[in-house]
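In order, the protein sequences belong to chains W and D.
So that you can map any letter, position 331 of the first sequence is 331 in the working numbering, and since no number is skipped, the others follow by simple counting.
One gets the working numbering by counting positions in the second sequence from 1 and adding 1000 to each.
We put the CB at the ideal spot given by N, CA and C, even for glycine.
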Amino acid sequence: MVLPDHALINTIIAGKKLIYKPVVNPIMLFQKSLVSIEDVSTEDIEEIFRISDNMVKALEAHKNPHIMDSYVMATLFFEPSTRTRLSFESAMLRLGGSVLSVSDVSSSSVAKGETLADTVRMAEAYSDIIVIRHPLEGAARLATQFTGKPIINAGDGSGQHPTQTLLDLFTIWKEFHSIDGLTISMVGDLKYGRTVHSLIMALSRYDVTINLVSPPSLRVPEHFLAKIPRGKKVKITENLDDVIESSDVLYVTRIQKERFADKNEYLGLIGSYSVDERVVEKMKKSAIIMHPLPRVDEIKPEVDFTSNARYFKQASYGVPVRMALVSMIMGVA
Amino acid sequence: MAEKTLLVSKINNGTVIDHIPPGKSFKVLSILNIDSRISYTVTVAVHVMSRKGGFKDIVKIEDRFLQRDELDRISMVAPGATISIIKNYEIVEKFTVKIPEEIVGIVNCPNQNCISNSKEPVKARFIVRSQKPIVIQCFYCQKQLSDSEIVANL
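In structure tokens form, the structure reads like this:
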């Protein structure tokens, strides 16, 4: 396999010729699959930030970098997720590549009983990179065993969703130009929320303070807490007021009604964890509010107009971060 | 010195599994498919005082020698068990069962939402994260299993 010489690859972004500087190990992600955030080194994350930032500038200037004209991405979505699928497809199209999409499982060969292994082998023949979303945990890992082409996990059941984590990290980095030194408070359903688990693991690589705010019934599972490296500053509390003033990032997640047998308990909790103007007033001026979306009641619409709201911005980074990731994996970034 | 008697008599040919944690011999029998249909003799001693102190179980199987995957299964329920291969009343080989680094096709993943439980052409696969106490992790869904969960899913 011939590796591309990154020092020689020039890309036209934002009307300027940007020469990518060779980094210490520029090809860590080259032709690699991304199944879990743990597959990505901290150096790679820094490189993803840098290239994503270039992509943001390119998009803002309406200059799509056509660096993937001869590449095809297959998106295999075995469960509906409009947002994730559209952002992957938009990313590939803006890079100048093409997209093959299986979005309606009922019309595909899967409905006829084909295994995921065979579907992946088929997609391998037709594409250069494969994006998978599947209701069963471990599906993306399994897919990597049946193809030599890179696989990107776009969510597997309640397992991993690493591209969401990357865009969450990028949002924080973009705001603060660093992740070290920040206090990040996560609020809501910390038991079942997969985005939260991935994000905590990724954040624990940095020098951060992590506050975990949830009702006792939705606390981060013990076995998961055990995975956080020793010495990390982690605070567990039920009370949002305990952490609100010190937080740089307030990461809010949805509390799902179906997790509660008692509807009154749910209604009581929703009130105590919802972010409204009263909460925002206590926050640092520079602090930001994030949410993986869709939201229901946990952030009041009045908050959308405050200078702290970043959740729509965060969602918009889905495209540039995926552009960076795909181009790095294909070796054209 | 107290008179030493053997609780279970010596065997001529076969396998002795010693130092099984007390009570786990039944699981060992089940792993080895030892039931009423067998054609050889098996003797079992449960809750025997060990020379090292504490208690243990012992299983002696006449005229049967164990395969690699059977030893791997035993290592899951009885880590530290010793295997003696007996020929002509003599121990010709003795070793402690060893937990393999990867466990393939032995333990099923209890997560019903794990892809390894679907019709895909793969065997359940676990990576050993800790030997003592034993903790294994599903290669696919990342679920971690400890002692009792492993035994329940053999």
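Relative to chain D, which residues along the stretch 126-142 of chain W have a C-beta separation below 7 Å, given in chain order?
Within the stretch 126-142 of chain W, the qualifying residues are Leu136, Glu137, Gly138, Ala139, Arg141, Leu142.
In chain D, which residues lie with their C-beta within 9 Å of the C-beta of W/Gln145?
Per Cβ cutoff of 9 Å: Val1122.
Any idea what DSSP makes of W/Ala287, helix, strand or coil?
In this structure, W/Ala287 counts as coil in the three-state DSSP scheme.
Going straight from the alpha carbon of W/Val280 to that of W/Ile288, what length do you get?
Roughly 10 Å separates the two Cα atoms.
With which residues is D/Phe1095 paired in a DSSP beta bridge?
In DSSP, D/Phe1095 forms a bridge with D/Ile1083.
Pull the bridge partners of D/Glu1090 from the DSSP assignment, please.
DSSP output for D/Glu1090 lists D/Lys1087 as bridge partner(s).
Report buried or exposed for W/Glu89, applying the criterion of at least 16 other Cβ atoms within 10 angstroms of its Cβ.
W/Glu89 comes out buried.
Given W/Pro135, which residues of its chain have a CB within under 7 Å of its CB, disregarding the five upstream and five downstream residues?
Around W/Pro135: Phe78, Glu79, Gly157.
Hey, D/Val1107 and D/Ile1083 are a contact pair by Cβ (cut 8 Å); roughly how many whole angstroms apart?
The Cβ separation is near 20 Å, so there is no contact.
Quick check on W/Lys174: does DSSP put it in helix, strand or coil?
Helix, per DSSP.
In chain W, which residues lie with their C-beta within 9 Å of the C-beta of D/Ile1103?
The premise fails here: D/Ile1103 is roughly 15 Å from chain W at the closest Cβ pair, so nothing lies under 9 Å.
Whose C-beta lies closer than 7 Å to the C-beta of W/Phe146 among residues of the same chain, with five residues either side of it excluded?
So the list reads Ala117, Val120, Arg121, once near-sequence residues are dropped.
With 7 Å as the C-beta to C-beta threshold (strictly closer), list the residues of the stretch 221-234 of chain W near chain D in chain order.
Residues passing the 7 Å Cβ filter: His223.
How about W/Leu142 and D/Ser1116: are their beta carbons less than 9 Å apart?
Result yes, Cβ atoms of W/Leu142 and D/Ser1116 sit closer than 9 Å.
Between W/Ala128 and W/Met330, how many whole angstroms is the CB-CB distance? I'm expecting something under 8 Å.
For clarity, residue 128 of chain W is Asp in the given sequence; the question names Ala instead. W/Asp128 to W/Met330, Cβ: 7 Å. Contact.
For the alpha helix (DSSP H) that contains D/Ile1031, what are its first and last residues?
Where D/Ile1031 is concerned, the enclosing alpha helix (DSSP H) stretches over 1025-1031.
Could you name the residues of the stretch 1104-1120 of chain D whose beta carbon sits closer than 9 Å to any beta carbon of chain W, in the order they occur along the chain?
Within the stretch 1104-1120 of chain D, the residues whose Cβ lies closer than 9 Å to some Cβ of chain W are Cys1109, Asn1111, Asn1113, Cys1114, Ile1115, Ser1116, Asn1117, Ser1118, Lys1119, Glu1120, listed in chain order.
According to DSSP, what are the bridge partners of D/Lys1056?
In the DSSP output, where bridge partners are listed per residue, D/Lys1056 has D/Val1048.
Work out the CA separation of W/Lys284 and W/Asp248 for me, nearest whole Å.
If you take the alpha carbons of W/Asp248 and W/Lys284, they lie about 7 Å apart.
Which partner residues does D/Ile1134 have in the DSSP bridge list?
Answer by DSSP bridge pairing: none, since D/Ile1134 is not bridged.
Just the C-alpha distance for D/Cys1138 and W/Lys32, rounded to the nearest angstrom, thanks.
When rounded, the distance between both Cα atoms is 21 Å.
Would you check if the distance between the CB atom of W/Thr183 and the CB atom of W/Val131 is smaller than 9 Å?
No, they are not a contact pair.
Use the C-beta contact count for W/Ser185: other C-beta atoms within 10 angstroms, 16 or more gives buried, fewer gives exposed.
By the neighbour-count rule (16 or more Cβ atoms within 10 Å), W/Ser185 is buried.
Can you list, in chain order, the residues of its chain whose CB lies under 7 Å from that of W/Pro292, leaving out five sequence neighbours each side?
Hits under 7 Å: Gln164, Thr195, Thr253.
For W/Asp214, which option in W/His161, W/Tyr273, W/His197 has the closest C-alpha, if you only look at C-alpha atoms?
The amino acid occupying residue 214 of chain W in the given sequence is Ser; Asp does not appear at that position. Checking every option, the nearest Cα to that of W/Ser214 belongs to W/Tyr273.
With respect to the alpha helix (DSSP H) encompassing W/Ala154, which residues constitute its N-terminal and C-terminal limits?
Per DSSP, W/Ala154 belongs to no alpha helix (DSSP H); it is in the beta strand (DSSP E), 151-156.
Along the chain, which unbroken stretches of the beta strand (DSSP E) at least 3 residues long are found entirely within the stretch 222-293 of chain W?
Whole beta strand (DSSP E) segments, 3+ residues: 233-237, 249-252, 288-290.
Checking contacts by CB at 9 Å: is D/Gln1142 closer than that to chain W?
Output row for D/Gln1142: interface = yes.
Put W/Met330 into one of helix, strand or coil per three-state DSSP.
Residue state, collapsed to three classes: coil.
Looking at the unbroken alpha helix (DSSP H) that takes in D/Arg1037, where does it start and where does it end?
Looking at the DSSP string, D/Arg1037 is not in any alpha helix (DSSP H), and its letter there is neither H nor E.
Can you give me, in chain order, the residues of the stretch 1042-1063 of chain D that have a beta carbon less than 7 Å from any beta carbon in chain W?
The stretch 1042-1063 of chain D vs chain W, Cβ under 7 Å: nothing.
Tell me which same chain residues have a C-beta within less than 6 Å of the C-beta of D/Glu1093, skipping the five on either side of it?
Contacts found: Ile1085.
For D/Val1044, which of D/Ile1134, D/Val1008, D/Ile1127, D/Ile1038 has the nearest alpha-carbon?
For D/Val1044, the nearest C-alpha among the options comes from D/Val1008.
Excluding sequence positions up to five away, which residues of its chain have a Cβ less than 7 Å from the Cβ of D/Pro1133?
The residues are Ser1146, Asp1147.
Residues of chain D with a CB under 8 Å from the CB of W/Leu199: which are they?
Per Cβ cutoff of 8 Å: no residues; W/Leu199 is ~16 Å from chain D at best.
For W/Gly318, name the three-state secondary structure that DSSP assigns.
Of the three classes helix, strand and coil, the one that applies to W/Gly318 here is helix, per DSSP.
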